[in-house]
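In this note's numbering, the protein residues as written are 36 to 410.
Glycine included, C-beta positions come from ideal geometry on N, C-alpha and C.
The structure appears below as structure tokens.
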């Protein structure tokens with residue numbers, strides 16, 4: 036069975052080659068003829084899997100995306116053809132949560148915030164939103180959850196409505212893009228909601244660009260309004276509203292989920308899913324393939340620790356300010372946006388770093404964020 040995989044999937048050849056012939060393709064340039072003999076198709080979000088691409092794939096038995104989202108997959112068409120599919124839900128949820136934590140630490144330094152004084156409204160309590168909630172617990176930050184579909188499903192957690200979310204100091208968006216139905220998320224933050232925010236609130240979008248009306252936000256800025264905003268995702272990527280970049284507090288190229296683990300987990304998850312579906316060998320493990328972090332061990336000698344120590348540890352693991360600087364200096368076209376995403380630097384998750392933080396309240400917060408304790 037011929038295996039095709041998108042070339043942006045880390046370690047894909049090492050995982051899939053044990054099953055037979057496998058071949059990489061570019062998600063941007065792939066043609067139906069290139070993958071016509073596919074038996075298994077593994078993609079990331081760049082590849083649009085629809086009838087136009089796979090209509091002539093007569094031998095296709097399995098499709099999987101190594102991403103948490105699946106807006107690029109025509110599920111209805113796959114169901115029509117009875118082709119099984121798999122979505123690597125949650126593969127990068129920790130990475131996204133750690134991106135948000137890095138943003139919070141960066142802006143706390145910039146604006147002299149004490150994070151435990153802030154209340155965070157988490158919109159979307161799925162994998163990423165829940166991962167963020169656990170990080171906020173470690174920081175001692177109060178948070179509210181808003182997720183109408185989960186509330187309707189009977190999720191036992193406590194939920195609030197959007198009116199309550201709009202009163203929070205920080206609002207972090209973690210919803211899928213839903214364009215129709217009872218709970219649409221497209222332009223969830225439209226001109227009206229954006230106008231309701233005040234200049235001291237912070238809005239973070241690290242889910243889908245279309246959840247926030249970028250042109251409405253730009254118009255608000257151009258009218259002289261002050262808004263604190265972090266944008267990792269943008270409408271109409273990669274050809275984004277470039278005029279927005281100078282106004283927002285932090286701007287990045289849809290890389291919140293792009294830790295090494297965040298991307299590689301997706302590859303491993305689709306590998307395991309295909310192995311289970313076809314009863315294939317699945318002995319290859321991701322962990323030995325991962326690169327060493329730049330700072331493998333961090334020593335904190337000052338006791339007791341203060342918040343600047345915690346911020347410094349987060350910054351050594353992942354400094355979102357560097358990604359922001361790169362974005363502002365280099366992104367002036369769609370090609371630039373795609374280049375940054377495709378050539379993103381190695382970034383390990385917090386757990387890859389060992390920290391000797393002693394034993395005080397903030398050292399427990401550091402370990403609660405996911406950093407490993409030095410033996």
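**Message:** Less than 8 Å between the C-beta atoms of residue 101 and residue 44, yes or no?
**Reply:** In this structure, residue 44 lies closer than 8 Å to residue 101 by Cβ.
**Asked** According to DSSP, which residues form a beta bridge with residue 362?
**Response** Paired residue(s): none; residue 362 is not in a bridge.
**Request:** Take every Cβ of the stretch 288-297, pair it with every Cβ of the stretch 128-146, and state whether three or more of those distances are shorter than 8 Å.
**Result:** Touching, per the Cβ criterion.
**Prompt:** Candidates 207, 372, 401, 351: which alpha carbon is nearest residue 341's?
**Reply:** Residue 341 has its Cα closest to that of 401, out of 207, 372, 401, 351.
**Prompt:** Do residue 60 and residue 306 come within 8 Å of each other at the CB atom, strictly closer than that value?
**Reply:** Going by C-beta atoms, residue 306 is not nearer than 8 Å to residue 60.
**Request:** Please work out which residues of its chain come closer than 8 Å, Cβ to Cβ, to residue 317, disregarding the five sequence neighbours upstream and downstream, and give them in chain order.
**Result:** If you ignore the 5 residues before and after residue 317, its C-beta comes within less than 8 Å of the C-beta of 306, 307, 310, 311, all in its own chain and listed in chain order.
**For residue 386, three-class secondary structure by DSSP** = If DSSP states are grouped into helix, strand and coil, residue 386 belongs with the helices.
**Asked** Going by alpha carbons, who is nearest to residue 394 out of 47, 230, 406, 339?
**Response** The candidate whose alpha carbon is nearest that of residue 394 is 339.
**Request:** Express the C-alpha separation of residue 337 and residue 103 in angstroms, rounding to a whole number.
**Result:** If you draw a straight line from the Cα of residue 103 to the Cα of residue 337, it comes to about 40 Å.
**Request:** Identify which residue in 346, 140, 220, 298 has its Cα closest to the Cα of residue 159.
**Result:** Residue 159 has its Cα closest to that of 220, out of 346, 140, 220, 298.
**Request:** Using beta-carbon positions only, say whether residue 294 and residue 234 come within less than 8 Å of one another.
**Result:** The answer is no: Cβ separation not under 8 Å.
**Asked** Of all the options 169, 93, 90, 144, which has the alpha carbon lying nearest to the alpha carbon of residue 129?
**Response** The shortest Cα separation from residue 129 among 169, 93, 90, 144 belongs to 169.
**Prompt:** From the DSSP output, which residues share a beta bridge with residue 100?
**Reply:** Beta-bridge pairing by DSSP links residue 100 to 78, 122.
**DSSP-derived helix/strand/coil call for residue 57** = It is a strand residue.
**Prompt:** In terms of alpha-carbon separation, which member of 157, 283, 274, 89 lies closest to residue 108?
**Reply:** When C-alpha distances from residue 108 are compared across 157, 283, 274, 89, the shortest belongs to 89.
**Prompt:** Under a Cβ-count criterion, where at least 16 other Cβ atoms within 10 Å of its own Cβ denotes burial, should residue 259 be classed as buried or exposed?
**Reply:** Residue 259 comes out exposed.
**Request:** Identify which residue in 261, 204, 189, 329 has its Cα closest to the Cα of residue 388.
**Result:** When each option's Cα is compared against that of residue 388, the closest is 329.
**Asked** Under a three-way DSSP split, which group does residue 353 fall into?
**Response** Note: residue 353 maps to coil in three-state DSSP.
**Request:** Evaluate contact between the stretch 363-381 and the stretch 266-284, counting only Cβ atoms and requiring at least three cross-stretch pairs below 8 Å.
**Result:** Judged by Cβ distances under 8 Å, the stretch 363-381 makes contact with the stretch 266-284, as three or more pairs qualify.
**Item:** C-alpha distance - residue 321 paired with residue 201, whole-angstrom precision
**Value:** Their backbone Cα atoms lie some 41 Å apart in a straight line.
**Asked** Which one or two residues does DSSP pair with residue 375 in a beta bridge?
**Response** Note: residue 375 sits in no beta bridge, so no partner.
**Asked** According to DSSP, is residue 181 helix, strand or coil?
**Response** The three-state secondary structure of residue 181, taken from DSSP, is strand.
**Asked** Which value, in whole angstroms, describes the spacing of the CA atoms of residue 304 and residue 121?
**Response** Approximately 9 Å between the Cα atoms of the pair.
**Expected contact under 8 Å - CB spacing of residue 212 and residue 106 to nearest Å** = With 8 Å as the limit, residue 212 and residue 106 qualify as a contact, their Cβ atoms being about 5 Å apart.
**Prompt:** To which residues of the same chain is residue 119 closer than 7 Å at the C-beta, ignoring the five residues directly before and after it?
**Reply:** Cβ neighbours of residue 119 beyond the five flanking positions: 97, 312.
**Asked** Would residue 193 be called buried (16 or more neighbouring beta carbons within 10 Å of its own) or exposed?
**Response** With a 10 Å radius around the Cβ and a threshold of 16 neighbouring Cβ atoms, residue 193 comes out exposed.
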